[in-house]
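Just so you know, we're using the working numbering here: the sequence shown kicks off at 1 and counts up by one. For each residue, glycine too, the CB sits at the ideal point set by N, CA and C.
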Amino acid sequence: MDFSKKNKGTASVWAGETDPFYKGATTSPIVNSVAFAYHDLDEWHDVATGKAEGHIYSRNTNPTVHVLEEKIRILEGAEAATSFATGMGAISNTLFGLLAPGKRVVSIKDTYGGTSRLFLDFLPTYQINVTLCETGNHEAMEAEIAKGCDLVYLETPTNPTLKVVDIKRLSAAAHQVGAVVVVDNTFATPINQNPLKLGADLVIHSATKFLGGHSDAMGGLLCGKKELVEKVFRFREINGASLQADPAYLIARGMKTLELRIERQNASALKIARFLKAHPKVNDVFYPGLETHPGHGIAKEQMSGFGGVLSFSLKGSYDDVKTFLTKLNFVHLAASLGSVSTLAGPPRTTSHVELTEAQRAQLGIPESLIRYSVGIENVEDLIGDLTQALAALEAVFETEKTV
Ligand SMILES: *Cc1c(COP(=O)(O)O)cnc(C)c1O
C-alpha cells in the first residue's frame with residue numbers, strides 16, 4: 001500500500017510494516033543478524049549488485065532498520081531515506097558525503113552545538129569554506145548565498161532560543177545558485193513541519209529526540225532526493241556509522257505514537273509558554289507559538305504546530321536558576337529533549353557549555369536561560385510544578401533580604 005497518500009498518524013503506525021512477518025508476528029521483528037544467507041548464488045549476486053531487493057550485510061542495510069527508514073521516508077514525503085548510528089552521524093555523513101575541498105557552505109550561527117563544531121573546527125581543515133550568518137537575518141543570508149555556494153544548511157526552530165528560519169525563501173535563493181538545501185528538522189518533527197514540501201532537498205533528524213521519544217535509543221535519519229540520499233548512503237556504508245537493529249526497533253516503536261505525543265506536546269508547550277510569559281518572576285519566554293516571538297509569522301506559515309521545546313529566562317542570576325531547577329519535581333535535569341518525560345537544563349551547562357559568557361551573549365543566550373522540553377505528563381501537573389518552583393524562588397529572595 002502507498003502510505004504517502006495516508007494521514008501521518010496512519011503512516012506512522014503502518015509504513016514499513018506491511019510485509020508478513022516471521023510466523024505471523026504483528027510487529028516487525030528485531031533482526032539481529034549480521035549477514036543474510038542465500039541458497040541461490042545468482043539471487044545473491046543480484047542483491048549485491050542492486051538488481052534485486054534484499055539484504056547482504058547489516059553495515060549496509062538491515063530489515064529492522066529498513067522499517068524505520070520507510071517510516072521517515074513516508075512522513076517527510078521523500079523519495080528515499082537512510083539511517084545512521086546517531087543524529088550527528090547523519091549530519092557529518094551528509095556534509096562529508098556531499099562536500100569536497102573547494103566547496104562552500106552557507107548556514108546559520110545557531111545550529112546544534114555539534115553541527116557548529118563541524119562547521120568551525122572540521123570542515124575548514126578539508127578546505128571547505130563555511131559562512132555562518134545571523135540566524136533570522138534573511139537578507140544577509142540571501143546575499144551570502146547569491147555569492148555562490150554548494151550547500152545551504154538550515155535548522156528551524158533552533159536550539160535553545162527557538163529562532164525561526166524561512167525554509168521556502170532560503171531554498172528558493174539556494175536553488176538559484178544550484179546549491180543543495182539541507183534542513184535539520186529535529187525540533188519540529190515531521191508532524192509539525194515538512195521541509196521537502198517547502199523546497200528543501202534533504203531533511204535530517206536526530207531520531208534520538210522526538211522520533212524515538214523515550215530517551216532510550218540513539219539514531220539519525222536522512223531523507224529526500226534519491227540521488228543525494230544514495231550518495232550519502234554510499235559514504236556511510238563504507239565509513240560504518242550504521243544504525244543497529246535494536247535502537248532502530250525502539251525508534252520505530254516510538255514513532256507509532258509520534259502524532260499523539262506531538263499533538264499533546266504542542267498543546268502543553270503553548271499553554272506553559274503562555275503561563276510563564278504572564279509570570280512576574282519570568283523575564284522572557286522563547287517559543288515560536290507566542291504571537292510576540294519574532295519568528296511567529298514565518299512559523300505559522302511553515303509549521304502546523306510549534307513543537308514541544310521552549311526556553312525562558314528568570315528575573316535573577318544563575319544561582320536563582322540552580323534553586324529553581326532543583327525545586328522542580330516532574331523533570332529530569334539532563335541534556336537531550338523530545339522525551340515522554342519533561343527534561344530541562346540551562347544551555348550554560350549543557351548545549352553551550354563550551355562557549356564563554358560573552359559568546360553566549362552574542363547568540364542571545366542569557367546566563368539565566370532554561371531550556372524546557374515538555375513531556376507528555378498532564379499539563380496542569382507541569383504548570384503546578386513550575387508554580388511551586390517559582391514560588392520557592394520568591395522565598396529565596398525574601399530570605400536573602402532578611403539576612
Ligand atoms: C540532538 C540533536 C542533534 C544530534 O543528535 P544526536 O542523536 O545526539 O547525535 C542534532 N540536531 C539537533 C537539532 C539536535 O537536537
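Point to revise | Among Ser336, Thr61, Ala391, nearest to Ala241 - alpha-carbon criterion | key: The residue with the shortest Cα to Cα distance from Ala241 is Thr61.
Review point. Assuming Leu202 and Leu221 make a contact with CB atoms under 8 Å, what is their CB distance in whole Å?
Key: Between Leu202 and Leu221, the beta carbon gap of about 11 Å keeps them out of contact (Cβ cut-off 8 Å).
Practice item. Determine the closest residue to Met218 out of Asp385, Met88, Ala389, Tyr372, with distance taken between C-alpha atoms. Key: Selection Asp385, Met88, Ala389, Tyr372 evaluated against Met218 yields Met88 as nearest (Cα-Cα).
Practice item. Starting from Val67, follow the alpha helix (DSSP H) in both directions and report where the run begins and ends. Key: Secondary structure note for Val67: its alpha helix (DSSP H) is the uninterrupted segment 63 to 75.
Review point. Can you find a heavy atom of ligand 1 that lies under 7 Å from the Cβ of Lys209?
Key: Checking the Cβ of Lys209 against ligand 1 gives yes.
Check your understanding: Hey, quick one: how far does the beta strand (DSSP E) through Glu259 stretch, first residue to last?
Key -> No beta strand (DSSP E) holds Glu259; the alpha helix (DSSP H) holding it covers 258 to 277.
Check your understanding: Of the choices Leu75, Ser368, Glu155, whose alpha-carbon is the least far from that of Val282?
Key -> It is Ser368.
**Study point:** Close Cβ partners of His352 (< 7 Å) along its chain, the five nearest in sequence each way excluded
**Key:** Here the set comprises Gly113, Arg360, Ile365.
Practice item. Please say whether Ala344 and Tyr372 have beta carbons closer to each other than 8 Å? Key: Annotated as proximal: Tyr372 and Ala344, with beta-carbon spacing under 8 Å.
**Study point:** Opening and closing residue of the beta strand (DSSP E) in which Ala80 lies
**Key:** Per DSSP, Ala80 belongs to the beta strand (DSSP E) from 80 to 84.
Check your understanding: Got a sec: does ligand 1 put a non-hydrogen atom nearer than 7 Å to the Cβ of Asp184?
Key -> Checking the Cβ of Asp184 against ligand 1 gives yes.
Check your understanding: Taking one C-beta from the region 56 to 75 and one from the region 5 to 20 each time, how about it: are there three or more such pairs within less than 8 Å?
Key -> Contact holds: three or more Cβ-Cβ distances are below 8 Å.
Review point. Does the distance from the CB of Ile30 to the CB of Tyr318 come in under 8 Å?
Key: For the pair Ile30 and Tyr318, the CB atoms are not nearer than the 8 Å cut-off.
Review point. Taking Cβ positions, are Thr131 and Glu144 nearer each other than 8 Å?
Key: Against a cut-off of 8 Å, the Cβ pair of Glu144 and Thr131 comes out as a contact.
Check your understanding: When the Cα atoms are used, what is the spatial distance from His175 to Thr86?
Key -> Taking the straight line from one Cα to the other gives about 29 Å.
Point to revise | Which of helix, strand or coil DSSP assigns to Thr402 | key: In this prediction, Thr402 scores a pLDDT of 48, lower than 50, which makes its location untrustworthy; no coordinate-derived value is stated.
Review point. Nearest to Asp246 by alpha carbon, out of Ala299, Pro63, Ile238?
Key: Nearest Cα to Asp246 within the set Ala299, Pro63, Ile238: Pro63.
Exercise for review: Please find out if some non-hydrogen atom of ligand 1 comes closer than 7 Å to the beta-carbon of Thr387.
Suggested key: Outside the cutoff, so no.
Exercise for review: Determine the contact status of Leu151 and Ala179, defining contact as a CB-CB distance below 8 Å.
Suggested key: Cβ atoms of Leu151 and Ala179: closer than 8 Å.
Practice item. Could you tell me the boundaries of the alpha helix (DSSP H) in which Tyr372 lies? Key: Element bounds for Tyr372: not the alpha helix (DSSP H) but the beta strand (DSSP E), 369 to 373.
Practice item. Verify whether the separation of the beta carbon atoms of Thr323 and Leu393 is less than 8 Å. Key: In this structure, Leu393 lies closer than 8 Å to Thr323 by Cβ.
Review point. Do you know offhand how far Arg274's Cα is from Ile376's?
Key: Their Cα atoms are separated by approximately 18 Å.
Check your understanding: Cβ atoms of Val105 and Cys133: under 8 Å apart, would you say?
Key -> With contacts defined as CB atoms closer than 8 Å, Cys133 and Val105 fail to qualify as a contacting pair.
Review point. Would the beta-carbon of Met218 be found less than 7 Å away from any heavy atom of ligand 1?
Key: Remark: the shortest separation between the CB of Met218 and any heavy atom of ligand 1 falls under 7 Å.
Practice item. Kindly list the residues whose CB is nearer than 7 Å to the CB of Leu243, restricted to its own chain and excluding five residues on each side of it in sequence; keep chain order. Key: Leaving aside the five residues that flank Leu243 on each side, the residues in its chain whose CB is nearer than 7 Å to its CB run, in chain order, Val65, Ser83, Phe84, Ala85, Gly219.
Exercise for review: Name, in chain order, the residues that DSSP records as bridge partners for Val183.
Suggested key: According to DSSP, Val183 shares a beta bridge with Leu154, Val203.
Point to revise | Identity of the residues DSSP links to Leu211 by a beta bridge | key: Within the DSSP secondary-structure output, Leu211 pairs in no beta bridge.
Check your understanding: In chain order, what residues of the same chain lie with their CB nearer than 7 Å to the CB of Arg264, ignoring the 5 residues before and after it?
Key -> Closer than 7 Å at Cβ, skipping near neighbours: Ile376.
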